[in-house]
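Just so you know, the protein sequences line up as chains A and B, in that order.
Read in order, the letters of the first sequence correspond to residues 0 to 150 in numbering that gives the first Met the number 0.
Read in order, the letters of the second sequence correspond to residues 0 to 150 in numbering that gives the first Met the number 0.
Encoded as C-alpha cells, the structure appears first; notes follow it.
Protein chains: 2
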Amino acid sequence: MGQTAHEHGTTAVFASVEKACRERGLRLTPLRRQVLELILQAGGPVKAYDLLDSLKTSHHSAAPPTVYRALDFLLENHFIHRLETRNAYVSCFHPEASHSGQFLICEQCDQVTEINAPEMTQGVLKAAAEQGFKPSKEVVEVYGTCRKCIE
Amino acid sequence: MGQTAHEHGTTAVFASVEKACRERGLRLTPLRRQVLELILQAGGPVKAYDLLDSLKTSHHSAAPPTVYRALDFLLENHFIHRLETRNAYVSCFHPEASHSGQFLICEQCDQVTEINAPEMTQGVLKAAAEQGFKPSKEVVEVYGTCRKCIE
DNA sequence: TTTAGACCGCTATATTCTAGCATTCAGAGC
DNA sequence: GCTCTGAATGCTAGAATATAGCGGTCTAAA
Ligand SMILES: [Zn+2]
Ligand SMILES: [Zn+2]
Ligand SMILES: [Zn+2]
Ligand SMILES: [Zn+2]
Chain A
0 MGQTAHEHGT
10 TAVFASVEKA
20 CRERGLRLTP
30 LRRQVLELIL
40 QAGGPVKAYD
50 LLDSLKTSHH
60 SAAPPTVYRA
70 LDFLLENHFI
80 HRLETRNAYV
90 SCFHPEASHS
100 GQFLICEQCD
110 QVTEINAPEM
120 TQGVLKAAAE
130 QGFKPSKEVV
140 EVYGTCRKCI
150 E
Chain B
0 MGQTAHEHGT
10 TAVFASVEKA
20 CRERGLRLTP
30 LRRQVLELIL
40 QAGGPVKAYD
50 LLDSLKTSHH
60 SAAPPTVYRA
70 LDFLLENHFI
80 HRLETRNAYV
90 SCFHPEASHS
100 GQFLICEQCD
110 QVTEINAPEM
120 TQGVLKAAAE
130 QGFKPSKEVV
140 EVYGTCRKCI
150 E
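Here it is in C-alpha cells:
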C-alpha cells in the first residue's frame, strides 16, 4: 500500500505536520511552511534549486542557504525525505512516525512511491545482525518499472 | 558474510577483473587500471576528487573527466560500486557476478562492508510485487554501528 | 525587560559532476 | 604494412549541488 503525499491529500499531511510541530515545540516558520507547501504541491521529487527558483518569485532575497536550511529542518523532523540517488526531496506521507523511507522509483515515468515494507526491514535487520552491526537508518531506493509503465 | 575488497586481497580482485575484461573484450587501459588500483588500495570508500589528486602526482594532465570516465567504465562493468549516500566509490569484492550492492556503513569509524543478503532482496521483491513494480536495481545503504565500534 | 538562542539575509566558496570538441590510439579489414 | 573507424584521452569550460561564515533580527523564556 504505497502512496504519494499527493494522493494522501496535501491538506491532511499539512495538518499532521502542524500538529507534530505543536506537540514537539517546533517552529514551522513561514519559510519552512512555504518550502513544505512547494514540495507537497509538486506531488513528486523536487530539486533544491527548483525550490529556490519557486521561492524567489515571492521571496526576492532567497538564496541557496534559504532553501537548504528549510530542507534541513524538514528532514531532521522527518516531514520530508531525501532521495539520495536523485538529489531530490519528497514529502513523507505519514510524518507522524519517524522512519527511514523506502522508495520505488520508475525509470520510465520518474514516479516515486514511498512504501512501508516490513519484510525488507526484517531482511536488513537479519543481515546486519549476522555482522554484529547495529543499524540506525536504512536507505532503500529501488529502481525499475511501475505498474502503469508495464502495461 | 560481509567483507571488504581489502580483506579479500587486492591481487585476487585484480586478477578477477582482468579475467572478466579478457572474456568480455573490455579494455582495462593503464588509466582505468590505475584508478582501480587506487580504489583497491584505499580499502574503503574514496571520493572522486581524492582519486584525482592521487592521479595527478603521476599523471600531470589528469582532470575531472579523466577520473569520471574511468569510474564510469568500472561502474558499468560492475568492478566497483558507488555509495550513493556518500558520493564515494568502493571496489566490489566479487566482480564476477553482476549485482546491486548492499552496504553496511559505520557512522563511528566510516568502515563500509558490502554484504550479500538474499532475505533483503526477497523483501524488496515482495514489496515491489505488491505494487505491480518490476525492479531492475536496488540501492541499499544501511547506517549504524559496526561490531568493532560497539565493543 | 533582558537575554540566549534560534532564525534569516547575504556573500562567497566548496564539492561533485558533465558538455563539448580536438587529438591520439588500438584493433579490424584489406 | 596501410587505412579506416570507433574508442579512449587531453583539455577547457561550466553546470549542478551544497556549505561556511558572519552579522542582524526575531522569539520565547527567565
Ligand atoms: Zn516517510
Ligand atoms: Zn512508470
Ligand atoms: Zn559488489
Ligand atoms: Zn565502526
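By construction, the Cβ of each residue, glycine as well, lies at the ideal position given by its N, Cα and C atoms.
Residue i to residue j span [Cα, whole Å]
i, j, result
"glutamate 118/B", "leucine 103/A", "18 angstroms"
"alanine 4/B", "proline 29/B", "Low local confidence applies: a pLDDT of 49 at alanine 4/B is under 50, so the model's placement there is unreliable, and no value is given."
"histidine 93/B", "lysine 18/B", "12 angstroms"
"arginine 32/A", "leucine 39/A", "10 angstroms"
"lysine 133/B", "glutamate 36/A", "31 angstroms"
"valine 16/B", "alanine 41/A", "44 angstroms"
"valine 89/B", "alanine 62/B", "20 angstroms"
"threonine 159/B", "alanine 14/B", "Chain B is shown only over 0 to 150; residue 159/B falls outside these bounds and no answer can be derived."
"alanine 128/A", "arginine 146/B", "9 angstroms"
"glycine 60/A", "leucine 54/A", "Checking the sequence, you will find serine at residue 60/A rather than glycine. Rounded to whole angstroms, serine 60/A to leucine 54/A spans 9 angstroms at the Cα level."
"isoleucine 114/A", "alanine 126/B", "8 angstroms"
"cysteine 91/B", "histidine 77/B", "7 angstroms"
"cysteine 105/B", "glutamate 75/A", "20 angstroms"
"phenylalanine 72/A", "isoleucine 149/A", "37 angstroms"
"valine 138/B", "glutamine 107/B", "22 angstroms"
"valine 111/B", "serine 99/B", "15 angstroms"
"serine 97/B", "histidine 58/A", "48 angstroms"
"aspartate 109/A", "glycine 43/A", "9 angstroms"
"cysteine 185/B", "aspartate 52/B", "Nothing about residue 185/B can be reported from this structure: the residues present for chain B run from 0 to 150 only."
"glutamate 95/B", "leucine 70/B", "18 angstroms"
"leucine 25/B", "glutamine 130/A", "35 angstroms"
"valine 34/A", "isoleucine 79/A", "11 angstroms"
"alanine 11/A", "leucine 27/A", "16 angstroms"
"glutamine 101/B", "glutamate 22/B", "26 angstroms"
"alanine 116/B", "glycine 8/A", "36 angstroms"
Cross-strand partners of residue i (DSSP beta bridge)
i, result
"histidine 80/A", "Val89/A"
"lysine 46/B", "Ala87/B"
Beta carbon proximity, residue i to chain A, threshold 8 angstroms
i, result
"proline 44/B", "no"
"glutamate 113/B", "no"
"alanine 116/B", "yes"
"proline 134/B", "yes"
"tyrosine 67/B", "no"
"glutamate 83/B", "yes"
"tyrosine 188/B", "For chain B, the structure presents residues 0 to 150; residue 188/B sits outside this window and is missing."
"valine 12/B", "no"
"glutamine 121/B", "yes"
"leucine 103/B", "yes"
"glutamine 33/B", "no"
"glycine 131/B", "yes"
"glutamate 22/B", "no"
"glycine 8/B", "no"
Boundaries (first-last residue) of the beta strand (DSSP E) holding residue i
i, result
"glutamate 199/B", "The shown model of chain B, from 0 to 150, leaves out residue 199/B, and the question about it has no answer."
"glutamate 95/A", "First-last for glutamate 95/A: undefined, no H or E at that position."
"glutamine 101/A", "101-105"
Residue i at chain B interface by Cβ criterion, 8 angstroms
i, result
"leucine 37/A", "no"
"cysteine 145/A", "yes"
"phenylalanine 100/A", "It should be pointed out that residue 100/A corresponds to glycine in this sequence rather than to phenylalanine. Closer than 8 angstroms: no."
"isoleucine 149/A", "yes"
"alanine 127/A", "yes"
"valine 89/A", "no"
"alanine 4/A", "Annotation note: pLDDT 48 at alanine 4/A (below 50); position unreliable, coordinate value reported separately. Not an interface residue."
"glutamine 40/A", "no"
"glutamate 75/A", "no"
"glutamine 107/A", "no"
"glutamate 140/A", "yes"
"glutamate 17/A", "no"
"glutamate 137/A", "yes"
Residue span of the alpha helix (DSSP H) that contains residue i, given as start and end
i, result
"glutamine 110/B", "Where glutamine 110/B is concerned, there is no enclosing alpha helix (DSSP H), given that its DSSP letter is neither H nor E."
"leucine 70/B", "63-75"
"leucine 27/A", "Note, leucine 27/A: premise wrong, no alpha helix (DSSP H); not H, not E."
"glycine 122/B", "117-129"
> When the Cβ atoms of the segment 33-51 of chain B are set against those of the segment 65-74 of chain B, are three or more pairs found closer than 8 angstroms?
Replying inline: In short, these stretches touch, since the Cβ pair count reaches three.
contact_flag[the segment 76-84 of chain B, the segment 122-130 of chain B] where n(CB pairs < 8 angstroms) is 3 or more:
Contact between the segment 76-84 of chain B and the segment 122-130 of chain B is absent, because fewer than three Cβ pairs lie under 8 angstroms.
- prompt: Using 8 angstroms as the threshold, is the segment 134-141 of chain A in touch with the segment 135-142 of chain B, meaning 3 or more CB pairs across them?
  reply: Yes, the segment 134-141 of chain A is in contact with the segment 135-142 of chain B.
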